[in-house]
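Student: One structure is given below, represented as structure tokens, and several questions about it will come after.
Protein chains: 2
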Amino acid sequence: MSTTPTFKRLPRAVREQQMLDAAVKVFSRRGFHAASMDEIAEDAGISKPMVYAYLGTKEELFVACLHREGTRMMEAIAGVINPEMPADQRLWHGLRAFFRFVAAHRDGWVVLYRQARGEQPFAGELAVMRARMVEVVAGMLDRALRADGREVREIDLEIQAYALVGASESLADWLADRPDADPDQLAARMVNIAWLGAGQLLSGEVWRRPTEG
Amino acid sequence: MSTTPTFKRLPRAVREQQMLDAAVKVFSRRGFHAASMDEIAEDAGISKPMVYAYLGTKEELFVACLHREGTRMMEAIAGVINPEMPADQRLWHGLRAFFRFVAAHRDGWVVLYRQARGEQPFAGELAVMRARMVEVVAGMLDRALRADGREVREIDLEIQAYALVGASESLADWLADRPDADPDQLAARMVNIAWLGAGQLLSGEVWRRPTEG
């Protein structure tokens with residue numbers, strides 16, 4: 001039960017976070033291809049061989065950035081969803097947290113995400129993260145149905161979750177390009193679309209967000 | 001009114017299509033970076049300098065492929081939408097045409113699309129095509145509302161169209177990875193999601209496709 005390993009591990013974790021902070025900044029500013037390990041090392045105040053030793057190649061470093069930022073995003077969403085809420089309220093809180101995260105990370109996560117989207121092997125990493133998100137959403141839908149005493153085939157839940165995640169990503173893209181857009185307002189619009197559906201929207205129905213905000 | 005230019009133009013158009021067919025095949029098989037102009041020229045049965053003369057650099061050739069395939073996709077959708085149909089039927093016919101196109105072009109359009117998604121300058125080209133698609137969808141929603149004597153703010157139409165296009169793209173991705181999935185069934189599920197909304201779906205309502213198919 002020596003405490004020595006703790007002394008060694010703590011600074012490593014802290015330094016890794018510093019390197020990741022620097023890497024996110026440099027990748028966002030330069031793009032993956034133009035980003036240099038020299039600049040990342042300099043920004044982190046650590047020698048280049050140490051960056052390689054801690055986090056591996058530039059590809060591995062980029063993947064580590066994606067994972068950290070993606071995990072932060074998922075935690076931001078999961079942190080506001082209370083299983084006791086009615087389903088539409090969970091949708092509202094989850095979407096609001098997601099769009100707020102996007103609006104607050106236009107220069108970091110959004111840039112990384114867009115770079116990763118079409119480029120192998122990063123597109124594969126994103127696909128894995130999206131699949132996890134889809135699973136979470138499908139699980140929420142499933143619980144809402146079971147709470148109601150109903151069951152739906154797994155494939156229907158999966159497809160609904162893919163549609164919801166795809167629509168949210170598309171609107172996150174829209175939001176990222178519009179610095180003046182309000183994430184809360186976008187979340188309320190998206191709940192209207194997803195909860196009421198086009199049929200009810202076309203006939204003039206409206207879902208209203210709770211007044212507590 | 002000489003007919004000479006016609007004789008010259010006709011083979012040019014035909015040859016261009018042959019080159020594009022070869023280019024789509026090679027880009028899909030190899031990816032943009034690994035694809036060689038030699039292989040494209042050989043596949044098209046045309047000399048490499050002629051490919052450059054007709055369609056420009058490899059980047060320009062890739063963009064020409066994206067445009068041709070994307071235009072075919074949009075025409076496939078536009079061709080089945082009759083403005084006299086009720087809005088849910090237009091949604092059904094449009095989505096079915098889209099998912100059928102994706103299912104029939106898993107090796108061509110889908111591969112190009114995925115390659116283009118994250119790579120500059122192709123991501124920009126795709127964004128322009130997506131924006132056109134969003135405009136078309138927003139226009140359809142607008143007409144459906146006006147036919148009903150109602151008006152909705154442009155931004156609400158735009159956001160609904162972005163959500164619909166994003167959900168459809170996400171499900172197209174799902175479909176592209178599942179060779180056994182039925183595009184018509186996926187379209188019917190997507191109409192349920194988009195037309196009824198999660199609220200009605202959770203309470204057990206179902207939208208059924210017309211029996212004529």
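The listed protein sequences correspond, in order, to chains A and B. Take the first sequence: its position 29, counting from 1, is numbered 29 in the UniProt record's numbering, and each next residue is one higher. Take the second sequence: its position 65, counting from 1, is numbered 65 in the UniProt record's numbering, and each next residue is one higher. Glycine included, every Cβ here is placed at the ideal spot set by N, Cα and C.
(1) Name the chain A residues whose beta carbon is nearer than 7 Å to that of residue 190 (chain B)?
(2) Who are the neighbours of residue 204 (chain A) on chain B, taking C-beta pairs under 8 Å?
(3) Below 9 Å on C-beta distance, what does residue 87 (chain A) contact in chain B?
(4) Which of the three DSSP states is assigned to residue 32 (chain A) in this structure?
(5) Using a cut-off of 7 Å between C-beta atoms, extract the partners of residue 171 (chain A) located in chain B.
(6) Along the chain, where does the alpha helix (DSSP H) containing residue 120 (chain B) start, and where does it finish?
(7) Can you tell me the Cα-Cα spacing of residue 167 (chain A) and residue 161 (chain B), whole angstroms?
(8) Return the Cβ separation of residue 77 (chain B) and residue 98 (chain B) in integer angstroms, given the expectation that the two are a contact with Cβ distance under 8 Å.
(9) Mind listing the chain B neighbours of residue 61 (chain A)? Cutoff is C-beta to C-beta under 8 Å, in chain order.
(10) Does the separation of the CB atoms of residue 66 (chain A) and residue 135 (chain A) fall below 9 Å?
(11) Please classify residue 28 (chain B) as buried or exposed, where buried requires at least 16 neighbouring CB atoms within 10 angstroms.
(12) Compare the C-beta of residue 31 (chain A) against all C-beta atoms of chain B and say whether one is closer than 9 Å.
(13) Look at the alpha carbon of residue 33 (chain A) and the alpha carbon of residue 149 (chain A), and state the distance between them as a whole number of angstroms.
(14) Could you tell me if residue 244 (chain A) is buried or exposed, where buried requires 16 or more neighbouring beta carbons within 10 angstroms of its beta carbon?
(15) Could one say the Cβ of residue 180 (chain A) lies closer than 9 Å to chain B's Cβ atoms, at least one of them?
(16) Is it the case that the Cβ atoms of residue 15 (chain B) and residue 54 (chain B) are separated by a distance below 9 Å?
(17) At the 9 Å Cβ level, is residue 193 (chain B) part of the contact set with chain A, yes or no?
(18) Just the C-alpha distance for residue 105 (chain B) and residue 182 (chain B), rounded to the nearest angstrom, thanks.
(19) Closer than 8 Å to a non-hydrogen atom of the ligand HEM - does that hold for the CB of residue 192 (chain B)?
(20) Thinking C-beta only, is residue 87 (chain A) closer than 9 Å to residue 198 (chain B)?
(21) Residue 209 (chain B) to residue 110 (chain B), Cα distance in whole Å?
(22) From which residue to which residue does the alpha helix (DSSP H) around residue 57 (chain B) run?
(23) Closer than 8 Å by beta-carbon distance: list the chain B residues that pair up with residue 156 (chain A), in chain order.
(24) Just how far apart, CA to CA, sit residue 4 (chain A) and residue 35 (chain A)?
(25) Within 10 angstroms of the Cβ of residue 73 (chain A), are there 16 or more other Cβ atoms? Answer buried if so, exposed if not.
(26) Quick one: which residues of the region 90-103 of chain B get their C-beta closer than 9 Å to a C-beta of chain A? List them in chain order.
(27) Have a look at B:204, B:202, B:17 and flag the residue whose alpha-carbon is nearest the alpha-carbon of residue 69 (chain B).
(28) How long is the line joining the alpha carbons of residue 58 (chain A) and residue 122 (chain A), rounded to whole angstroms?
(29) For my contact list, residue 90 (chain A) and residue 187 (chain A) are in at a C-beta cut-off of 8 Å; report their separation, rounded to the angstrom.
(30) Pull up the distance between the alpha-carbon of residue 113 (chain A) and that of residue 185 (chain B), whole angstroms please.
(31) Among B:116, B:85, B:43, which residue has its Cα nearest to the Cα of residue 60 (chain B)?
(32) Is it the case that the Cβ atoms of residue 169 (chain B) and residue 132 (chain B) are separated by a distance below 9 Å?
(33) For the alpha helix (DSSP H) containing residue 86 (chain B), list its first residue and its last residue.
(34) Could you check which residue in A:30, A:19, A:64, A:56 has the C-alpha nearest to that of residue 42 (chain A)?
(35) Identify the contact partners of residue 34 (chain A) in chain B, using a Cβ-Cβ distance below 7 Å as the criterion.
Tutor: Once the coordinates are examined:
(1) 163
(2) Residues of chain B whose Cβ lies closer than 8 Å to the Cβ of residue 204 (chain A) are, in chain order, 150.
(3) 198, 199, 202
(4) coil
(5) Contacts between residue 171 (chain A) and chain B, judged by CB atoms closer than 7 Å, involve 159, 162, 163, 166 in chain order.
(6) It is not in any alpha helix (DSSP H) - residue 120 (chain B) carries neither H nor E in the DSSP assignment.
(7) 9 Å
(8) 5 Å
(9) Within chain B, no residue comes near residue 61 (chain A); the closest Cβ sits about 18 Å away, beyond 8 Å.
(10) no
(11) buried
(12) Yes, contact with chain B.
(13) Approximately 52 Å between the Cα atoms of the pair.
(14) This structure does not reach residue 244 (chain A), given that chain A is present from 1 up to 213, and the question cannot be answered.
(15) no
(16) yes
(17) yes
(18) 14 Å
(19) Looking for the ligand HEM in the displayed structure turns up nothing, as the structure carries no ligands at all.
(20) yes
(21) 26 Å
(22) No alpha helix (DSSP H) contains residue 57 (chain B), which DSSP labels as neither H nor E.
(23) 189
(24) For residue 4 (chain A), the predicted structure reports a pLDDT of 46, less than 50, and the residue's modelled location is therefore unreliable. A value from the coordinates is still provided. Taking the straight line joining both Cα atoms gives about 36 Å.
(25) buried
(26) 91
(27) B:17
(28) 12 Å
(29) With a Cβ gap of about 12 Å, residue 90 (chain A) and residue 187 (chain A) do not count as contacting.
(30) 31 Å
(31) Each of B:116, B:85, B:43 was checked against the Cα of residue 60 (chain B), and the nearest Cα belongs to B:116.
(32) Contact: no.
(33) Element bounds for residue 86 (chain B): n/a, residue is neither H nor E.
(34) A:19
(35) Here the premise fails: no neighbours, minimum Cβ distance about 11 Å.
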